[in-house]
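Participant:
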Amino acid sequence: MKNPIEHLNKTFDSRIRLGIMSALMVNAEVNFNELKELIQVTDGNLASHLKTLEENDYVKVHKGFIGRKTNTTYTITKDGEKAFKTHLDALEKMIRALD
Amino acid sequence: MPDALQHLNDLKDIKKMMERSSRFISLSGLSGVSAGICALIGAWFANETLNADYYSPANGRMYDEAGVSRFADGSALLFNRLFLIAAATFIAAFVLAFVFTYIRSKRAGLAIWGSTARRLMFNVSIPMLAGGIFIIHLVQSGAVGMIAPACLIFYGLALVNASKYSLEEIRYLGYGELLLGVISCWFVEYGLHFWAAGFGVLHIIYGALMWWRYERAD
């Protein structure tokens, strides 16, 4: 059997990054506060994980304003979508293999 | 293999996150029950009004001397007793539904007015607004027998649409409303009964089931 672990993406090891990617997969865009509430993490923690995903070109940041307040939204990139799907498939295969 | 459990948990997390981020799930079952009770009370008042011959052709409230519907002019509608009952019922049901859902989302630590709520409201509003305009036109053209079927059918469509943005089970409530609406087209004289069954009884059953399923444990 081919080793399925090689398809598991190290970037998605963290629960928080997994959460961010999941939310972005099903929503056209999600803003920072919504993500914070969904995943229930601190600002700094969320920001650093978003940064990692951004550096990997998995998410794209859009800075905007609502009135005078900043509104930072995030969208998933094509690369991010592909990487996340591959990761999901690998997870699924791992679990299947254990049955 | 200790990893297996972790991968399974990862998958569960992903699924939960996709659900939570894309659907408005704090809708409370008690909202359904309270809306149903409001509908039954409203239907009772409407029934009283109709039984009291409030709209009998003889007293001229429905048609003028020439036999033209008085509601052809939209403004006459606003001060009409049945219209007021309907408006009061809708407002009471909406406020109570909001209160129970607000309590539930507070308890679950979810925002009540996020992008999921916005999306749900927007998608419910489309069939509801179209239906509302259609029903006003029905009243104005004197086709009052079709009001109840139209309410049920448009509301049913709104719910089927809503199920994509909220709890999946809302779809079945929508099917129920649609079925009653379509059947009631052939039983125009029982319009109010069908209306009470759809907006009252079905809401209460649906709300109670949802409460039992998701909120009993809280």
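Here the protein sequences line up with chains F and C, keeping their order. Note that the first sequence covers residues 1 to 99 in the numbering used here. Note that the second sequence covers residues 1001 to 1218 in the numbering used here. For glycine and all other residues, C-beta sits at the position ideal for the given N, C-alpha and C. No experiment lies behind these values; they were computed from the predicted model shown.
1) What would DSSP say about residue 22 of chain F, mapped onto helix, strand or coil?
2) Using 8 Å as the threshold, is the region 1127 to 1147 of chain C in touch with the region 1105 to 1115 of chain C, meaning 3 or more CB pairs across them?
3) Taking beta-carbon pairs under 8 Å, can you tell me which members of the region 1020 to 1034 of chain C lie near chain F?
4) Once DSSP output is grouped into helix, strand and coil, what is the label at residue 1214 of chain C?
5) From what residue to what residue does the beta strand (DSSP E) around residue 1172 of chain C run?
6) Rounded C-beta distance between residue 24 of chain F and residue 95 of chain F? I'm assuming under 8 Å.
7) Applying the criterion that 16 or more other CB atoms from any shown protein chain within 10 Å of the CB defines a buried residue, is residue 1116 of chain C buried or exposed?
8) Quick check: what's the CA-CA separation for residue 1177 of chain C versus residue 44 of chain F?
9) Any beta carbon of chain C sitting closer than 8 Å to that of residue 15 of chain F?
10) Return the CA-CA distance between residue 1155 of chain C and residue 1174 of chain C, expressed in angstroms with no decimal places.
11) Shorter than 8 Å from the beta carbon of residue 38 of chain F to some beta carbon of chain C?
12) Residues of chain C with CB closer than 9 Å to the CB of residue 48 of chain F, please, in chain order.
13) Return the residue from the list F:26, F:13 and F:16 that minimises the CA-CA distance to residue 81 of chain F.
14) Less than 8 Å between CB atoms is the rule here; does residue 1004 of chain C satisfy it with respect to chain F?
15) Does the beta carbon of residue 23 of chain F come closer than 8 Å to any beta carbon on chain C?
16) What do you reckon, is the C-beta of residue 1069 of chain C under 7 Å from a heavy atom of the ligand ZN?
17) For residue 72 of chain F, which residues does DSSP report across the bridge?
18) Under a CB-based cut-off of 8 Å, is residue 1 of chain F close to chain C?
19) Which value, in whole angstroms, describes the spacing of the CA atoms of residue 18 of chain F and residue 30 of chain F?
20) Tell me, which residues are paired with residue 1100 of chain C by DSSP?
21) Count the other CB atoms, across all protein chains shown, that sit within 10 Å of the CB of residue 1100 of chain C; report buried if there are 16 or more and exposed otherwise.
22) So residue 76 of chain F contacts chain C; which residues on that side make the cut at Cβ distance below 9 Å?
23) Mapping the DSSP letters down to three states, classify residue 1187 of chain C as helix, strand or coil.
24) On the criterion of 16 or more Cβ atoms from any shown chain inside 10 Å, does residue 1084 of chain C qualify as buried, or is it exposed?
Facilitator: Checking against the coordinates, here is how it stands:
1) Numbered from 1 along the first sequence, position 22 holds the residue referred to as residue 22 of chain F. Helix, per DSSP.
2) no
3) 1020, 1021 and 1022
4) In the second sequence, counting from the first residue as 1, residue 1214 of chain C sits at position 214. Helix at residue 1214 of chain C.
5) By 1-based counting over the second sequence, the position of residue 1172 of chain C is 172. It is not in any beta strand (DSSP E) - residue 1172 of chain C instead sits in the alpha helix (DSSP H) that spans 1170 to 1184.
6) Here residue 24 of chain F refers to the residue found at position 24 when the first sequence is read from its first residue. Here residue 95 of chain F refers to the residue found at position 95 when the first sequence is read from its first residue. At roughly 23 Å, the Cβ-Cβ gap does not stay under 8 Å, so residue 24 of chain F and residue 95 of chain F are not in contact.
7) Residue numbering aside, residue 1116 of chain C sits at position 116 when the second sequence is read from its first letter. Result: buried.
8) Residue numbering aside, residue 1177 of chain C sits at position 177 when the second sequence is read from its first letter. Residue numbering aside, residue 44 of chain F sits at position 44 when the first sequence is read from its first letter. Whole-angstrom Cα-Cα distance: 48 Å.
9) On the first sequence, position 15 is the one that residue 15 of chain F refers to. Closer than 8 Å: yes.
10) In the second sequence, the residue the question calls residue 1155 of chain C occupies position 155. In the second sequence, the residue the question calls residue 1174 of chain C occupies position 174. Roughly 7 Å separates the two Cα atoms.
11) Residue numbering aside, residue 38 of chain F sits at position 38 when the first sequence is read from its first letter. Yes, its Cβ sits closer than 8 Å to a Cβ of chain C.
12) The sequence position of residue 48 of chain F within the first sequence is 48, counting from 1. Residues of chain C passing the Cβ test: none, with the nearest at roughly 19 Å.
13) As a first step, residue 81 of chain F must be located in the first sequence, where it is residue number 81. Ranking the options by Cα distance to residue 81 of chain F, first place goes to F:26.
14) Taking the first residue of the second sequence as position 1, residue 1004 of chain C is located at position 4. At least one chain F Cβ lies under 8 Å of residue 1004 of chain C.
15) Stepping through the first sequence from its first residue, residue 23 of chain F is reached at position 23. True, the Cβ-Cβ gap to chain C drops below 8 Å.
16) Absent from the structure shown: the ligand ZN. Ligands present: none.
17) As a working note, residue 72 of chain F is residue 72 in the first sequence. Paired residue(s): F:63.
18) Here residue 1 of chain F corresponds to residue number 1 of the first sequence, with the count starting at 1. Because residue 1 of chain F sits at a pLDDT of 48, beneath the cut-off of 50, its placement in the model cannot be relied upon, and the point is left open.
19) If you number the first sequence from 1, residue 18 of chain F lands on position 18. If you number the first sequence from 1, residue 30 of chain F lands on position 30. One C-alpha to the other measures close to 14 Å.
20) The residue you call residue 1100 of chain C lines up with position 100 of the second sequence. According to DSSP, residue 1100 of chain C bridges with nothing at all.
21) Position 100 of the second sequence, counted from the first residue, corresponds to residue 1100 of chain C. Buried, since its Cβ has 16 or more Cβ neighbours within 10 Å.
22) One-based indexing of the first sequence puts residue 76 of chain F at position 76. What residue 76 of chain F touches in chain C: nothing, since even the nearest Cβ is about 12 Å away.
23) In the second sequence, counting from the first residue as 1, residue 1187 of chain C sits at position 187. Three-state DSSP puts residue 1187 of chain C in coil, outside helix and strand.
24) By one-based count along the second sequence, residue 1084 of chain C stands at place 84. Result: exposed.
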